[in-house]
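Report on one structure; see the data block that follows.
There are 2 protein chains.
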Amino acid sequence: MNSKLQELSNCGFKITPQRRLILDILQKSDRPLTAEETAERIKKKEPRISVATIYRNLNLLVEIEVLSKLEIADAAARFQINQGHNHHLLCLGCGAAIKIGICPLQGRVEELIQEHGFSIDSHYFEITGYCRECQLKEAGE
Amino acid sequence: MNSKLQELSNCGFKITPQRRLILDILQKSDRPLTAEETAERIKKKEPRISVATIYRNLNLLVEIEVLSKLEIADAAARFQINQGHNHHLLCLGCGAAIKIGICPLQGRVEELIQEHGFSIDSHYFEITGYCRECQLKEAGE
DNA sequence: CTCGTTGCAAAGCCTTTGCAGGTGT
DNA sequence: ACACCTGCAAAGGCTTTGCAACGAG
């Protein structure tokens with residue numbers, strides 16, 4: 001069985017056709033998808049699936065760490081198969097996410113946090129802009 | 001005249017009582033405020049002011065760089081007098097913003113951006129959690 | 001059989017917008 | 001005077017939620 005489905009099951013959740021589809025779509029995508037995009041793709045196969053279900057399951061899958069969620073200022077969040085803690089260059093044109101293997105939560109920043117006795121809930125580091133392809137596409141028009 | 005008002009005027013915008021109030025409130029606040037919070041405080045002095053006006057003016061003031069806007073994932077944006085480019089430790093309890101004088105957009109990260117030919121639109125680095133005071137308050141309850 | 005899940009529609013939150021009337025300069 | 005501003009209320013985008021019916025284990 002798909003290991004991601006296994007994970008669901010292990011956590012005591014049921015394996016439904018909707019959940020299979022969601023995972024399937026995201027595993028096949030080369031970039032993180034918004035809930036809407038996921039819904040669109042799923043509706044081609046199974047038109048009766050509801051957006052609410054998609055949101056509920058995306059959130060559930062993030063909670064059990066099968067997916068990770070990229071929050072993007074002023075735009076819909078994007079979801080992808082969890083590949084560990086990461087930050088990205090996010091393309092506003094096509095939604096591509098280029099991994100950068102660096103987390104700013106280190107060195108002097110960590111010291112400052114300690115010094116202030118600040119208790120971290122979470123952190124966000126995101127760079128938005130346009131990837132090479134989208135820039136070329138734009139220039140060609 | 002208040003230099004921030006001057007700025008408005010220089011940019012060709014009018015100095016209205018509403019704008020005076022908004023700037024006044026933010027200059028007196030020790031922490032960035034959400035549009036709602038700004039509205040609440042203003043309504044105590046001038047109840048007929050509209051939230052729409054507040055949003056419009058906060059955005060305008062950000063555009064002319066009199067204010068800066070802190071985008072916070074899953075929460076309302078906060079506005080403060082512009083103190084130059086900065087990142088913060090944001091307290092989810094009281095809204096306090098502790099400046100950290102470090103921007104992650106440098107060194108290896110910049111190299112990666114170059115290597116990918118990525119064109120930056122904006123970036124976003126934020127650490128959310130609880131400040132010392134809010135932790136103590138919490139513990140005391 | 002039972003409780004988790006689903007679809008639907010409605011609402012929630014933050015923010016923006018259209019419009020008609022009001023106001024700085 | 002004239003364009004810019006405002007208040008009001010309505011709508012916008014993304015996401016969540018209440019509820020009754022459904023279906024996986």
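Sequences listed follow chains H and Y, in order.
So the first sequence is numbered by UniProt numbering: it starts at 1 and just counts up by one.
So the second sequence is numbered by UniProt numbering: it starts at 1 and just counts up by one.
Each residue gets a CB set at the ideal place from its N, CA and C atoms; glycine is no exception.
Short CB-CB distance (under 7 Å) between residue i and chain Y
| i | result |
| --- | --- |
| Tyr-130 of chain H | yes |
| Glu-37 of chain H | no |
| Gln-114 of chain H | no |
| Gly-95 of chain H | no |
| Glu-71 of chain H | yes |
| Leu-8 of chain H | no |
| Pro-32 of chain H | no |
| Arg-108 of chain H | yes |
| Ile-25 of chain H | no |
| Pro-17 of chain H | no |
Cα-Cα separation between residue i and residue j, rounded to whole angstroms
| i | j | result |
| --- | --- | --- |
| Tyr-55 of chain Y | Thr-128 of chain Y | 24 Å |
| Asp-24 of chain H | Thr-38 of chain H | 10 Å |
| Ile-64 of chain Y | Asp-30 of chain Y | 22 Å |
| Asn-57 of chain H | Ser-122 of chain H | 22 Å |
| Thr-16 of chain H | Gly-95 of chain H | 28 Å |
| Glu-138 of chain Y | Pro-32 of chain Y | 22 Å |
| Ala-52 of chain H | Glu-36 of chain H | 10 Å |
| Gln-106 of chain H | Ile-113 of chain H | 10 Å |
| Ala-75 of chain H | Cys-91 of chain H | 12 Å |
| Val-109 of chain Y | Glu-115 of chain H | 25 Å |
| Ser-9 of chain H | Val-62 of chain H | 15 Å |
| Gln-83 of chain Y | Cys-11 of chain H | 47 Å |
| Ala-97 of chain H | Glu-7 of chain H | 25 Å |
| Glu-141 of chain Y | Ile-120 of chain H | 20 Å |
N- and C-terminal bounds of the alpha helix (DSSP H) containing residue i
| i | result |
| --- | --- |
| Ser-3 of chain Y | 3-10 |
| Lys-28 of chain Y | 17-28 |
| Gly-129 of chain H | Here Gly-129 of chain H belongs to no alpha helix (DSSP H); instead the beta strand (DSSP E) covers 119-130. |
| Ile-81 of chain Y | Counting along the chain, Ile-81 of chain Y falls outside any alpha helix (DSSP H), though it belongs to the beta strand (DSSP E) covering 78-81. |
| Leu-67 of chain Y | No alpha helix (DSSP H) contains Leu-67 of chain Y, which is instead part of the beta strand (DSSP E) from 67-70. |
| Ala-75 of chain Y | Run containing Ala-75 of chain Y: none; DSSP gives neither H nor E here. |
| Gln-114 of chain Y | 107-115 |
| Ile-49 of chain Y | First-last for Ile-49 of chain Y: undefined, no H or E at that position. |
For residue j and residue i, believed in contact at Cβ under 8 Å, the rounded distance
| i | j | result |
| --- | --- | --- |
| Leu-70 of chain H | Ala-77 of chain H | 6 Å |
| Tyr-124 of chain H | Glu-126 of chain Y | 5 Å |
| Ile-100 of chain Y | Leu-89 of chain Y | 6 Å |
| Leu-60 of chain Y | Phe-118 of chain Y | The Cβ separation is near 30 Å, so there is no contact. |
| Pro-104 of chain H | Pro-104 of chain Y | 4 Å |
Neighbourhood of residue i by C-beta, 6 Å cutoff - its chain only, sequence neighbours within 5 removed
| i | result |
| --- | --- |
| Gly-93 of chain Y | Tyr-130 and Cys-134 |
| Thr-34 of chain Y | Ala-76 and Arg-78 |
| His-87 of chain Y | Ile-100 and Phe-125 |
| Lys-4 of chain H | Leu-23 and Val-66 |
| Asn-2 of chain H | none |
Cutoff 7 Å: residue i Cβ touching any chain H Cβ
| i | result |
| --- | --- |
| Val-66 of chain Y | no |
| Phe-125 of chain Y | yes |
| Val-62 of chain Y | no |
| Asp-121 of chain Y | yes |
| Gln-80 of chain Y | no |
| Ala-76 of chain Y | no |
| Ile-98 of chain Y | yes |
| Gln-83 of chain Y | no |
| residue 142 of chain Y | Residue 142 of chain Y lies beyond the stretch modelled for chain Y, which goes from 1 to 141, so this question has no answer here. |
| Gly-117 of chain Y | yes |
Own chain partners of residue i with C-beta closer than 7 Å, once the 5 adjacent residues on each side are dropped
| i | result |
| --- | --- |
| Gln-27 of chain Y | Ile-81 |
| Lys-45 of chain Y | Leu-21 |
| His-85 of chain H | Cys-103 |
| Leu-136 of chain H | none |
Residue i, enclosing beta strand (DSSP E) - first and last residue
| i | result |
| --- | --- |
| Cys-91 of chain H | 87-91 |
| Ile-100 of chain Y | 97-100 |
Chain-order list of residues whose beta-carbon lies under 8 Å from that of residue i (same chain, five-residue window excluded)
| i | result |
| --- | --- |
| Ile-49 of chain Y | Gln-18, Leu-21, Ala-39, Ile-42 and Lys-43 |
| Ala-73 of chain H | Glu-126 and Thr-128 |
Contact test: residue i Cβ vs the ligand GTP heavy atom, cutoff 6 Å
| i | result |
| --- | --- |
| Gln-106 of chain H | Annotation note on the ligand GTP: not contained in the displayed structure, which lists no ligands. |
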